[in-house]
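Undergrad: Handing you a structure now.
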Amino acid sequence: MGRIGGAQAAELFKPGDTVEKRWVIQKVLGRGGFGAVYEVMDLQTNRMEAMKIELQAQDFRSLKLEVVVLKELNARNARHVCEIVGIGKQESYCYIVMTLVGPSFQSMLQSLRSKFPDGSTRFGQRSAMHLGRCSLEALEDMHKYGYLHRDVKPQNYSIGREPEYRKVFILDFGMSRKYIKADGTQRRPRERANFRGTLFYASVSALMGEDQAPKDDIWSWFFMLLRISLGRVPWRDEVPPRDMPMARQARFYGLVKQKFINNPTLFLQDCPPEYAPILSHLKALTYSDKPNYELCYLQMSALMKRNNYTEETALDWERGGEHHVATSKAPAHNMMPEQGKNVSAASPSTKNG
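Structure follows, in structure tokens:
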């Protein structure tokens, strides 16, 4: 479904319409490649929720994938995923109703631009460690239950809506893949895999066309941790030519990132010392290795302890937090997949993508 489909889905209902005698349409949150997302009031629970709509002409591919992944993660009580409230199919459309979330990490960072004129928007270390821990827990559970995310970045995580500001949600499973077979063993790596992800945050292996594994999600998570805590990644100013084909752009970023990774002093410049063991661990991981999530948690806890932070310390976006006023203006996540040249345009698949 292209823009036309998204526009049609966004015009399917108007405020005040009721779907399935249960959900009252409030407004359109977003529209895009697969359809549209509405904010709805659940008459059974009196809660605001998100309803994703996809028109039948597109065979429901995007929603089918999201339903498959979320249903399994919900059934396993995975942490930091939206709860599915309802699923339905009508003659002209299908829908999924799920948790309504707050702003993405990215939109909160963007709300701080006036605070950081050089563009290196970032959270305080206490807040960054909270987001870092929760976002890693989400990946740990996805991996435990057999899924790779393959597009880890600040745009694909959000916090909860007021008053649940400490909640974190992982979003957008359009690039996800089941990497564990029915017998519980890991799939063998393919000789060549199409790139899935976002160039800026993807691992070197993914950018070089190698099959992805849990380690690649964790590399992307670590790059995201640098971004939200330091305000930048080492390759921030490295930009490929505009007319460079996607495959060559991927290789460009892969080589640039490898250059920094091979020079830990340069890579870790301005980083807290607790990041060094994480980098060393990631560099040692191979395709079949299980990441040491606990090592990452311990390093983040050590940073918290060294700075005398406690769980009671206000987060930047909470009332009493350093950036509450600015981040309160950040728009809520529209629950739509990001569109853009740095995102692979591959069709989603849980098996063969």
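Heads up: the sequence shown begins at 1 in UniProt numbering, then just goes up one per residue. Ideal Cβ placement from N, Cα and C applies to all residues, glycine included. If you're wondering where the values come from, they're calculated on a predicted model, not measured in any experiment.
1. Would you check if the region 282 to 291 and the region 115 to 126 touch, i.e. whether three or more CB-CB distances between them fall below 8 Å?
2. With a threshold of 16 other CB atoms inside 10 Å of the CB of K21, please say whether the residue is buried or exposed.
3. When DSSP builds the beta bridges, which residues end up paired with D42?
4. Helix, strand or coil for C82 per DSSP?
5. How many angstroms separate the CA atom of T99 from the CA atom of E137?
6. Which word fits A247, buried or exposed, when buried means at least 16 other C-beta atoms lie within 10 angstroms of its C-beta?
7. Going by Cα to Cα distance, which pick from I278, Q125, A193 is closest to L230?
8. I believe P214 touches L148 by the beta-carbon criterion, under 8 Å. Please report the beta-carbon distance rounded to the nearest angstrom.
9. Can you have a look at N262 and say buried or exposed, based on whether 16 or more other CB atoms are within 10 angstroms of its CB?
10. Alpha carbons only, please: which of R187, P163, G102 is nearest the one belonging to residue 387?
11. May I have the straight-line CA-CA distance separating S328 from D183, to the nearest angstrom?
12. Taking 9 Å as the cut-off, decide whether the C-beta atoms of P154 and R227 are in contact.
13. At which residues does the alpha helix (DSSP H) containing M108 begin and terminate?
14. Are the region 320 to 337 and the region 27 to 41 touching, with three or more C-beta to C-beta distances below 8 Å?
15. With 16 other CB atoms within 10 Å as the buried threshold, where does E191 fall?
16. Let me know the beta strand (DSSP E) ranges lying completely inside the region 185 to 262, each 3 residues or longer, listed in chain order.
17. Where DSSP assigns a beta bridge to K89, which residues make up the other side?
18. What residue range is occupied by the uninterrupted alpha helix (DSSP H) comprising V325?
19. Which of helix, strand or coil does DSSP assign to G30?
20. Just to confirm my understanding: we take residue 362, look at its own chain, exclude 5 residues before and 5 after, and list those with CB closer than 6 Å. What are they?
21. Give the secondary structure of residue 418 by DSSP, where H, G and I count as helix, E and B as strand, and everything else as coil.
22. Measuring CB to CB, does F195 end up less than 9 Å from A250?
23. Identify, in the order they occur along the chain, each residue of the same chain with its Cβ nearer than 7 Å to the Cβ of E83, setting aside the five sequence neighbours on each side.
24. Would you tell me roughly how many angstroms separate the C-alpha atoms of W235 and S92, rounded to the nearest one?
25. Write down the C-beta distance between L298 and S127 rounded to the nearest angstrom, noting that I regard them as a contact closer than 8 Å.
26. Who are S301's beta bridge partners in DSSP?
27. Answer yes or no: do G132 and L12 have a C-beta to C-beta separation smaller than 9 Å?
28. Could you tell me whether the Cβ atoms of A330 and W317 are closer together than 9 Å?
29. Could you tell me which residues DSSP pairs with I159 in its beta bridges?
30. Quick check on this structure: which residue in P240, A202, G146 has the alpha carbon closest to the alpha carbon of F223?
TA: Considering the structure as presented:
1. no
2. exposed
3. W23, R47
4. coil
5. 18 Å
6. exposed
7. Q125
8. 7 Å
9. exposed
10. Because the chain here runs from 1 to 353, residue 387 falls outside it and cannot be looked at.
11. 47 Å
12. yes
13. 105 to 110
14. yes
15. exposed
16. none
17. C94
18. 324 to 327
19. strand
20. For the chain, the structure presents residues 1 to 353; residue 362 sits outside this window and is missing.
21. As displayed, the chain neither begins before 1 nor continues past 353, which places residue 418 out of reach and without an answer.
22. yes
23. N74, M98, T99
24. 46 Å
25. Actually they do not touch by this definition, with Cβ atoms about 19 Å apart.
26. According to DSSP, S301 bridges with nothing at all.
27. no
28. yes
29. V168
30. A202
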